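Residue numbers (UniProt numbering): 1 to 355.
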């Protein structure tokens with residue numbers, strides 16, 4: 001059996017070689033190259049090809065062994081939410097307007113898409129996918145588009161995992177797939193949960209002592225700070241923000257005052273959930289009218305913040321990004337949840353398996 005020309009047994013053998021089992025991959029869109037790249041990165045894990053990693057975590061550093069063991073030996077089922085088995089799905093023939101309403105009402109960022117006629121999952125519709133589609137077709141009729149049509153433009157493949165997969169594999173997927181939620185399937189092939197990066201960070205926060213001395217290292221010393229950030233003036237239009245999100249393949253923008261360049265808020269792809277057939281023209285409103293801008297509500301961090309503190313902030317504030325500003329409140333860098341995932345992945349691949 002193959003997917004996009006790649007033998008599934010080869011993939012399973014590759015992943016098993018690094019101590020990961022139980023992978024379910026269902027490819028339902030045209031992301032051939034993206035998944036080949038993901039496969040290559042998976043293959044690199046077994047060959048020890050970590051030349052592109054910049055994190056300051058020396059191979060064999062026992063201070064990371066606790067968290068590595070935790071990731072390798074814990075199954076995904078142990079971090080599932082209390083609402084497991086109550087996952088909200090959406091029909092592929094539903095409209096984008098209905099999808100936005102479902103995302104907003106259930107306060108989620110993605111929905112598994114079901115082909116009711118053939119009784120199977122065909123993908124995941126995320127707010128990132130919606131942003132990509134709206135950026136391409138910013139017209140009044142866009143909310144009436146069928147979900148199946150929007151899926152043709154989504155940026156990420158449908159990559160579910162089983163409940164008995166290891167958290168190590170979950171981290172690998174969360175690092176290489178931009179969607180912030182991963183579908184989790186039961187042994188019967190039913191999506192029972194959508195696990196977010198925040199869920200994983202909450203698990204780490206509850207077991208923070210497993211990080212050892214690394215938990216007290218600064219995010220700067222661990223190379224977790226972004227080199228560049230994307231900003232937008234508060235008087236620019238929402239559609240401009242959408243286009244920047246798509247151009248830079250990100251989910252968060254620093255909103256700045258056009259006169260002072262000070263950070264006044266954060267624009268997220270999740271903010272698009274409030275759009276509908278009746279409010280779609282709000283795409284052409286200034287950002288300052290579309291979202292509530294409050295500089296005091298922006299979650300900040302410092303280059304000298306410890307990894308322990310940063311993880312705590314992500315969990316307690318349920319945010320995707322922590323902004324870093326200079327003394328005049330101008331944004332200069334950031335820390336993202338995905339940068340933490342990359343740090344964890346590096347720790348896993350650098351550590352030898354303990355027998």
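All C-beta atoms in this analysis are idealised placements derived from N, C-alpha and C, irrespective of residue type, glycine included. Quick caveat: nothing in here was measured; it's all calculated off a predicted structure.
Classification of residue i by the beta-carbon crowding that lies within 10 angstroms, buried from 16 upward
i	result
residue 270	buried
residue 254	buried
residue 320	buried
residue 344	buried
residue 40	Interpretation of residue 40 is limited by its pLDDT of 41, a score under 50 that renders its predicted location unreliable; the figure taken from the coordinates is listed afterwards. So residue 40 ends up on the exposed side.
residue 116	exposed
residue 260	exposed
residue 118	exposed
residue 112	buried
residue 347	buried
residue 249	exposed
residue 157	buried
residue 328	exposed
residue 132	buried
residue 78	exposed
residue 213	exposed
residue 424	A query on residue 424 cannot be resolved here, the shown segment of the chain reaching from 1 to 355 and no further.
Under 8 Å between C-beta atoms of residue i and residue j
i	j	result
residue 241	residue 287	yes
residue 333	residue 232	no
residue 349	residue 226	no
residue 208	residue 199	no
residue 67	residue 180	no
residue 279	residue 128	no
residue 80	residue 184	yes
residue 108	residue 89	no
residue 170	residue 195	yes
residue 338	residue 247	no
residue 263	residue 218	no
residue 311	residue 201	yes
residue 258	residue 295	no
As assigned by DSSP and simplified to three states, the class of residue i
i	result
residue 296	helix
residue 218	strand
residue 225	coil
residue 345	helix
residue 209	helix
residue 340	helix
residue 71	helix
residue 253	strand
residue 291	coil
residue 120	strand
residue 138	coil
residue 261	coil
residue 201	helix
residue 157	coil
residue 240	helix
residue 303	coil
residue 233	strand
residue 275	coil
residue 81	coil
residue 177	coil
residue 91	strand
Cβ-Cβ separation, residue j to residue i (assumed contact under 8 Å), whole Å
i	j	result
residue 160	residue 134	Residue 160 to residue 134, Cβ: 25 Å. No contact.
residue 100	residue 276	6 Å
residue 281	residue 140	7 Å
residue 224	residue 265	That pair is no contact at about 23 Å.
residue 330	residue 322	Rounded, the Cβ-Cβ distance is 16 Å, inconsistent with contact.
residue 239	residue 284	6 Å
residue 272	residue 130	6 Å
Neighbour flag for residue i against chain C, beta carbons, 8 Å
i	result
residue 142	No chain C is part of this structure, which consists of one protein chain only.
Residue i Cβ short of 7 Å to the ligand FMN heavy atom set
i	result
residue 109	Ligands are entirely absent from the displayed structure, and the ligand FMN is therefore not among its contents.
Touching or not, the stretch 144-153 and the stretch 168-180, by the rule of three or more beta carbon pairs under 8 Å?
-> Between the stretch 144-153 and the stretch 168-180 there are fewer than three C-beta pairs closer than 8 Å, too few to call the two in contact.
If we count Cβ pairs, one from each stretch, closer than 8 Å, do we get three or more for the stretch 133-148 versus the stretch 89-105?
-> By the criterion of at least three beta-carbon pairs nearer than 8 Å, the stretch 133-148 is in contact with the stretch 89-105.
Touching by the beta-carbon criterion (3+ pairs, under 8 Å), the stretch 304-321 and the stretch 163-172 | Because the criterion of three Cβ pairs below 8 Å is not met, the stretch 304-321 and the stretch 163-172 do not touch.
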